[in-house]
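Asks:
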Amino acid sequence: MSTACTSCQRRRLAAAFSCRLVAALALAGAITSAFAEGLVPPSKGQTVYVPIYSEIRHGNVGSSGRSESTLMAVMVSVRNTDATNSIRVVAAPYYNTDGVLIRNSVPIPRVIPPFGTFELFVELRENAGGSGANYAIKWDAATLVSPPTIEALHSKFQAGYSVAFISRSRAISEP
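Using mature numbering (1 follows the signal peptide of the UniProt record, and there is no 0), the letters of the sequence shown map in sequence onto residues -36 to -1, 1 to 139.
#1: Tell me whether the beta-carbon of S133 lies closer than 8 angstroms to the beta-carbon of V12.
#2: Nearest-angstrom Cα distance between I51 and S95?
#3: By a C-beta neighbour count over all protein chains shown, 10 Å radius and 16 as the cutoff for buried, is residue 140 buried or exposed?
#4: To the nearest angstrom, how far is the alpha carbon of P9 from that of A106?
#5: Return the CA-CA distance between L35 and S69, expressed in angstroms with no decimal places.
#6: State the CB to CB distance for the pair P73 and V53, rounded to an integer number of angstroms; the pair is presumed to be in contact (CB under 8 angstroms).
#7: Please name the residue in Y17, S33 and S18 whose C-alpha comes closest to that of N24.
#8: By the 10 Å Cβ neighbour count, where 16 or more other Cβ atoms means buried, how is V40 classified, buried or exposed?
#9: Mind checking Y125: buried by the 16 CB within 10 Å criterion, or exposed?
#10: Please say whether A97 and I16 have beta carbons closer to each other than 8 angstroms?
#11: Grouping DSSP H, G and I as helix and E and B as strand, with all else coil, what is I72?
#12: Three-state secondary structure (DSSP) at D104?
#13: On the three-state DSSP scale, how would you describe N91?
#14: Helix, strand or coil for Y125 per DSSP?
#15: Can P112 and N44 be called in contact, C-beta distance under 8 angstroms?
#16: Please report how far the alpha carbon of V38 lies from the alpha carbon of E87, in whole angstroms.
#17: Could you compute how far the alpha carbon of V109 sits from the alpha carbon of P6?
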């Protein structure tokens, strides 16, 4: 009986250790990722590339040679991370998969106050962008500021299934 109990105890200890190890590795990965990003140097403006997946492909390639696709609604969030200074979104050209300009979603500059947010929205029914659509958001500031965080939340909610994910931006030029 003591051998069976010892065997059970070993399995429980191994399972507990495995769970703790997985949790520790996940935490270490999150911390490493946060440190890898580090502080972003101040800037007076940038053009920022934001990937937009207004259409996603899934499933198998059928007899037509194409996979199934689903349209997505997309909310682009431009968040001013500077505690004391406003920034301006000067332009937000929206391009399709082929790099063709669809529209400029910000025809006049928009001021975002400290810790404020400005949003752009691509409707679920909009199918002009495709799977490779993108925004090239240009922002500026009167002084050096903490660059904004710009993310795109993609979503589709319906009975039976829901899909939601975020794509992050990256600066591609400075004035």
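Beta carbons: idealized from backbone N, C-alpha and C, even for Gly.
Replies: Judging by the given coordinates:
#1: For S133 and V12, yes; Cβs fall inside 8 angstroms.
#2: Their backbone Cα atoms lie some 30 angstroms apart in a straight line.
#3: It is not possible to answer for residue 140, since the shown part of the chain is limited to -36 through 139.
#4: Reading off the sequence, residue 9 comes out as Gly, not Pro. So the two alpha carbons sit approximately 9 angstroms from each other.
#5: Straight-line measurement puts the Cα of S69 at about 19 angstroms from the Cα of L35.
#6: Indeed they touch by this definition, with Cβ atoms about 7 angstroms apart.
#7: Of the candidates Y17, S33 and S18, the one whose C-alpha sits nearest the C-alpha of N24 is S33.
#8: Buried: at least 16 other Cβ atoms inside 10 Å.
#9: Result: exposed.
#10: Yes, the Cβ-Cβ distance between I16 and A97 is below 8 angstroms.
#11: Here DSSP, grouped into helix, strand and coil, assigns I72 to coil.
#12: Here D104 sits in strand by DSSP.
#13: In the three-state scheme derived from DSSP, where H, G and I count as helix and E and B as strand, N91 is classed as coil.
#14: DSSP places Y125 within a strand segment (E or B) once states are collapsed to three.
#15: Yes, the Cβ-Cβ distance between P112 and N44 is below 8 angstroms.
#16: V38 and E87: Cα-Cα distance of roughly 7 angstroms.
#17: Taking the straight line from one Cα to the other gives about 5 angstroms.
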